[in-house]
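Each residue of the sequence shown is one higher than the one before, counting from 278 in this note's numbering.
Okay, so here's the structure we're looking at.
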Amino acid sequence: MCCLCSKWSITKHEIFGGRNRSNSIKYGLILPLCLNCHISHQNDKVFNDYYHRLVQELWERTYGSRENFIKIFGKNYLTYNKK
Ligand SMILES: [Zn+2]
């Protein structure tokens, strides 16, 4: 099912694209989207920023540390410091 509109999903959106596409696949950082939502959201900055931050936070909670995230993904999407 599409995670935005609940239509039957036929595409997968890797949350981190480009050179991190394979990391997205490796860690299962993939959103099910229908074709319409995929086309309208894949270049949507607000949508992508939201998921980049959300997923980094969850990833850090699951795999340990911000340092590891930055080492693997090469980027820090969270601008505030961890408490
Ligand atoms: Zn949809």
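Every residue, glycine too, gets a C-beta built ideally from N, C-alpha and C.
Considered as a whole, the stretch 288-322 harbours 288-291, 307-310 as its complete beta strand (DSSP E) runs of no fewer than 3 residues, in chain order. Closest option to N325, judged by alpha-carbon separation, among S283, L306, F346, N345: L306. Taking 8 angstroms as the upper bound for CB-CB distance, I347 and N300 are not in contact here, some 12 angstroms apart. Between the alpha carbons of V323 and N313 lies a distance of about 17 angstroms.
Taking every protein chain shown into account, the CB of L335 has fewer than 16 other CB atoms within 10 angstroms, so this residue is exposed. Here H290 really is in contact with L308; their C-beta atoms are around 5 angstroms apart, less than 8 angstroms.
Collapsing the DSSP output to three states places K348 in a helix. At least one heavy atom of ligand 1 lies closer than 7 angstroms to the C-beta of L281.
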